[in-house]
């Protein structure tokens, strides 16, 4: 197993390198000069040229590439153009915020999704099944920004029970520890709900299908026949097999943990990776775009690896040697 | 899940939420005002900062040379003492003698001296620093095309310094109003990387506020600088700038009272706020930015193909009568009424109506008159000879592509209306939306025949960067006019602003006649202010002007200022 993991990790290195190289050239060849953004009515025309030199954009492309490569290999991700500070510092500030949001959203998504899946599978064809199915479809097709805005208007503005934006109250640092945690928790409820609920609807559908398939298999009938309680039959025998496709889903969702959620982060002003990436792209902040791509790239590769490893853990038939 | 569990779960949630509200009652913040930002500041060092957000915030942290106000009645900037206590002109106005206050201290206790000011100007003028405000120093003494700090700035003693200019001109004081930074902090800083210098994140200023905290993408917190004597410590304990990029979310926070000031409020939200949120006061800012439809006066294809050498009239828009016809054919008033209503004003030229003394009041805005447009087009040789509904001349149809930025609803609407209006007079317009960065870059490079764009004017009249010559940085339509160039020279070399009035008026008359572009309308931003915030001074300089006088009071009491 360890050999398998290390082989996968090693083979990921050229992949990541290729990804970043392609990103490097794509963003520089794409139209839109970062310097042109900073030109305003009261700005010296010479300023653009000076700035281009200061940002290292005056060099020919291959030279820029070699410089960047050298930097990246030595762990220097460079200075952000738009935020005037080191990219590593920005990432260090942003990644925890994103993980906080996405981790809870993922938990919410899978816990709710699995519960929905189990209920609808067990009550197949009943009114509950239909009702949940219709609701899931409804929620799933709802655009995130719309749901977010509706919740802000309803829960936050009219009912006034939850905050509408940000990660904590403006002066949260003066709160005591439990108050601070509570404050952040309150700020998280709406974004986590919006992020999780639509995916939960999808997860629920997967879970339902997968459980239905398993329930009809011989070994489940055998388990029932030998007189096990229904709880044990489903919980111990059926569920474990039914969860395999869900694990794939979980693994594939991992990039989202660090990639962030652009729309929800924007609507709720959550200072995370998704919003950072978008801002970086719109301001042609090359070093920051590359860094964000790197984070997502690493997560995609890791996510796939984790999913494969989890397979082996849940399903003893799968062996990697 | 059984209904009983659901009920218990809901009950728990309810309890938790109500507990939370209780703990929120005690206000840990003291007297705090919250300002909404749509985007984060880029930098808090005034030498390199770029965004207007940064400018709004720095003004309260760093010392200001003058206390600047904009006199709306007169329509001009006025300078009152601040770090500079008094000033006089000498040597036919080419020298400005500044008397500096001797008793102002940086936050860390060190005196603010003329050396700090000279050093700061050296930074502003250094090409390696690449300050966006380097051009302010252009009319001081230059050596080899570079700002010469030693020849330009002379320190006489601890409170007196002389700035040497190459000429007298109206904007001298404006150009002397760059905020100084502490020399003892930045003396050894690497110039090339000044914008990323770690000291920028912990500014040492001397103003009424100081920086308490800056969490990127989230908030910038200023607290009162108790030692400030410039002019005095802020009256509020704290002002927080919160980044909320989604407009609807921002508006919700304003309605909830979580933020106190927000700009802009959109015209479509005004009636809702007026009806349902009596605690919010809406104020309208005087117009500083306008939108226009650019018609390239020059043949852009030829211009680009010849490496910007061949300047020929544009095949469609090179004729002044055609440009006039286009303005007649577009229902500007209708578009304005639909989009902005009372929060806009039809634009005659690009001289903002706030500069009253400089405005040529005789000019009548072009009315919506499709018939007149048709006549003018006929007069310049355009007719529908093949009967396909589109005008043609010499076998070529009158058709072009109009570019505008994607995601801007107002401009999308304008584009559609222009397309529709021009169809009425037989002109075929294809619409093309473009990503903003790419759009502006192509506009600047003069690559488009026609486009929709906006422009913000400065607080002092300086039309040279738009209409100077074809290489003026913002002459996006390639307009050239000898008389305008002459008038610009005259207008920028007078002693006082007022003396330039006649020249500016003549330029407006020419612009009105020539229609280098179709000036659409001025936009008046709407600012929402929570009534609990008193002594705000929302004006053309911005929403944070004289922020140190803000106070929190009873929203129902009518405090005036």
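Residue numbers (our numbering), protein chains in the order written: chain A, 1 to 321; chain B, 1001 to 1561.
We put the beta carbon where it would ideally sit given N, CA and C, even for glycine.
Please report how far the alpha carbon of residue 1344 of chain B lies from the alpha carbon of residue 1454 of chain B, in whole angstroms.
Answer to the nearest angstrom: the Cα atoms are 13 Å apart.
In the DSSP assignment, the alpha helix (DSSP H) including residue 1080 of chain B goes from what residue to what residue?
Counting along the chain, residue 1080 of chain B falls outside any alpha helix (DSSP H), though it belongs to the beta strand (DSSP E) covering 1076 to 1081.
Contacts of residue 58 of chain A in chain B (Cβ-Cβ under 8 Å):
For residue 58 of chain A, no chain B residue has a C-beta closer than 8 Å to its own C-beta; the minimum C-beta separation is roughly 12 Å.
Coil, strand or helix - residue 1181 of chain B by DSSP:
Of the three classes helix, strand and coil, the one that applies to residue 1181 of chain B here is coil, per DSSP.
Please list the partners that residue 215 of chain A has in chain B, where partner means a Cβ-to-Cβ separation under 9 Å.
Those do not exist, as residue 215 of chain A stays about 21 Å from chain B at its closest Cβ, beyond 9 Å.
Got a sec: which bits of the region 1218 to 1247 of chain B sit with their beta carbon under 9 Å from any beta carbon on chain A, in order along the chain?
Listed in chain order, the positions of the region 1218 to 1247 of chain B with a beta carbon within less than 9 Å of a beta carbon of chain A are 1218, 1219, 1221, 1238, 1240, 1242, 1243, 1244, 1245, 1246.
So, is the C-beta of residue 1056 of chain B closer than 8 Å to a C-beta in chain A?
Using beta-carbon distances, residue 1056 of chain B does not count as an interface residue toward chain A, since no partner is under 8 Å.
Taking C-alpha atoms, which residue in A/55, A/10, A/295 lies nearest to residue 91 of chain A?
The residue from A/55, A/10, A/295 with its alpha-carbon nearest to that of residue 91 of chain A is A/295.
Locate the alpha helix (DSSP H) running through residue 92 of chain A, then write down its first and last residues.
Segment 87 to 122, the alpha helix (DSSP H) holding residue 92 of chain A.
Using a Cβ cut-off of 9 Å, pull out every chain B residue sitting near residue 284 of chain A, in sequence order please.
The answer, in chain order, is 1437.
Beta strand (DSSP E) runs contained entirely in the region 1407 to 1458 of chain B, provided each spans 3 or more residues
With a minimum length of 3 residues, the continuous beta strand (DSSP E) runs that stay inside the region 1407 to 1458 of chain B are 1428 to 1434, 1450 to 1456.
Residue 1395 of chain B to residue 1384 of chain B, Cα distance in whole Å?
Distance between the alpha carbons of residue 1395 of chain B and residue 1384 of chain B: 10 Å.
Kindly list, in the order they appear in chain B, the residues whose Cβ is closer than 8 Å to that of residue 150 of chain A.
Simply none; closest approach about 10 Å.
Where residue 1125 of chain B falls: helix, strand or coil (DSSP)
Here residue 1125 of chain B carries a helix assignment [DSSP, helix/strand/coil].
Which runs of the beta strand (DSSP E) spanning at least 3 residues fall entirely within the region 1202 to 1279 of chain B, listed in chain order?
As far as the region 1202 to 1279 of chain B is concerned, its whole beta strand (DSSP E) runs of at least 3 residues are 1209 to 1215, 1219 to 1224, 1238 to 1243, 1261 to 1265.
For residue 1215 of chain B, which of A/83, A/261, A/68 has the nearest alpha-carbon?
Taking only the C-alpha atoms, the option nearest residue 1215 of chain B is A/83.
With 7 Å as the C-beta to C-beta threshold (strictly closer), list the residues of the region 1440 to 1452 of chain B near chain A in chain order.
Answer set for the region 1440 to 1452 of chain B: 1440, 1441, 1444.
Where the beta strand (DSSP E) containing residue 294 of chain A begins and where it ends
Note, residue 294 of chain A: premise wrong, no beta strand (DSSP E); alpha helix (DSSP H) at 286 to 314.
Starting from residue 1096 of chain B and walking both ways along the beta strand (DSSP E), at which residues does that stretch end?
First-last of the beta strand (DSSP E) with residue 1096 of chain B: 1095 to 1100.
Using three-state DSSP, classify residue 1154 of chain B as helix, strand or coil.
Three-state DSSP puts residue 1154 of chain B in a strand.
Determine which residues share a DSSP beta bridge with residue 1036 of chain B and list them.
Secondary-structure assignment with DSSP links residue 1036 of chain B through a beta bridge to B/1242.
Residue nearest to residue 275 of chain A in terms of C-alpha spacing, selected from B/1289, B/1526, B/1244, B/1259
Minimum Cα distance to residue 275 of chain A is reached at B/1244.
With respect to the alpha helix (DSSP H) encompassing residue 174 of chain A, which residues constitute its N-terminal and C-terminal limits?
Per DSSP, residue 174 of chain A belongs to no alpha helix (DSSP H) and is neither H nor E.
So is residue 1265 of chain B in contact with chain A if we call contact Cβ pairs under 8 Å?
Not one chain A Cβ lies under 8 Å of residue 1265 of chain B.
Ignoring anything shorter than 4 residues, give me the alpha helix (DSSP H) runs that lie fully in the region 1368 to 1412 of chain B, in order along the chain.
Those alpha helix (DSSP H) runs which fall completely within the region 1368 to 1412 of chain B and span 4+ residues are 1370 to 1379.
Cβ-based contacts, 8 Å cut-off: residues of the region 1173 to 1196 of chain B near chain A
Residues of the region 1173 to 1196 of chain B with a Cβ closer than 8 Å to any Cβ of chain A, in chain order: 1192, 1193, 1195, 1196.
Taking only three categories from DSSP, how would you classify residue 1338 of chain B?
Note: residue 1338 of chain B maps to helix in three-state DSSP.
Would residue 244 of chain A and residue 20 of chain A be called neighbours here (beta carbons separated by less than 8 Å)?
Contact flag unset, no.
In chain B, which residues lie less than 7 Å from residue 130 of chain A when you measure between Cβ atoms?
Chain order gives no chain B residues near residue 130 of chain A, where near means a beta carbon separation below 7 Å; the closest approach is about 18 Å.
Are there 16 or more other CB atoms within 10 angstroms of the CB of residue 1512 of chain B, so buried, or fewer, so exposed?
Residue 1512 of chain B should be labelled buried.
Only counting the same chain, and skipping five residues up and downstream in sequence, which positions put a Cβ closer than 8 Å to that of residue 1526 of chain B?
Around residue 1526 of chain B: 1263, 1264, 1265, 1266, 1267, 1270, 1282, 1283, 1284, 1285, 1343.
Give the single residue among B/1109, B/1380, B/1294 whose Cα lies nearest to the Cα of residue 1444 of chain B.
Comparing Cα-Cα distances from residue 1444 of chain B to each of B/1109, B/1380, B/1294, the minimum goes to B/1294.
Note down, in chain order, every chain A residue with its Cβ under 9 Å from the Cβ of residue 1200 of chain B.
What residue 1200 of chain B touches in chain A: 84, 85.
Could you check whether residue 1528 of chain B and residue 1236 of chain B sit closer than 8 Å to each other, using their CB atoms as the reference points?
No, these two residues do not count as a Cβ contact at 8 Å.
Residues near residue 1120 of chain B by beta carbon distance below 6 Å, same chain, minus five either side:
Cβ neighbours of residue 1120 of chain B beyond the five flanking positions: 1180, 1181.
May I ask you to list the residues that DSSP assigns as paired with residue 1521 of chain B?
Note: residue 1521 of chain B is bridge-paired with B/1291, B/1346 in the DSSP secondary-structure output.
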